[in-house]
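Take a look at the structure set out below.
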Amino acid sequence: TLLLHGVDTKVTVWDVSISGVPVNMTEVYPDEGDFKCTRLAQMRMAMPFGDLRATLSNRVEAETAATHVEGRPLPELVYAMFTPLPKPISNVNECYEVGLRVTLKDDVQVLE
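Sequence positions in the sequence shown follow our numbering and run 1117 to 1228.
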């Protein structure tokens, strides 16, 4: 379980690999309720500069955490990975593998 918005929530954990990116990642999604497997609740990455963990709490805090802070530089990869899905992935619990292709064009992320 994971504490989300003050509630112990049952979650599903996914080990994620990105082709060509030598970083181990784990994504955690709620396994019950309205956002079952559709809203990323936590992401953990073993980065060369140390363990990076981001847990969703509320919109204001999440957006604040994604904002550049002087003196706290993060690799561009960290910022580029904040890509909200335009809609839930149908039957994601039944998938063996899910592939997403994200491209950056003129500083705008496009999800295909």
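In this text, a Cβ means the ideal position worked out from N, Cα and C, and glycines have one as well.
Inter-residue Cα distance where the pair is residue i and residue j
i	j	result
F1151	R1217	22 Å
T1117	D1147	9 Å
E1186	V1208	38 Å
Residue environment, residue i, which counts as buried when at least 16 other CB atoms sit within 10 Å
i	result
V1214	exposed
Y1212	exposed
A1157	buried
L1172	buried
L1120	buried
Close-in-space but distant-in-sequence residues of the same chain around residue i (CB under 8 Å, 5 per side omitted)
i	result
W1130	T1142, E1143, V1144, Y1145
Test item: CB-CB of residue i and residue j under 8 Å
i	j	result
P1204	T1125	no
M1159	A1170	yes
Sequence-distant residues of its chain with Cβ nearer than 6 Å to residue i (five each side left out)
i	result
M1161	V1139, M1141, L1168
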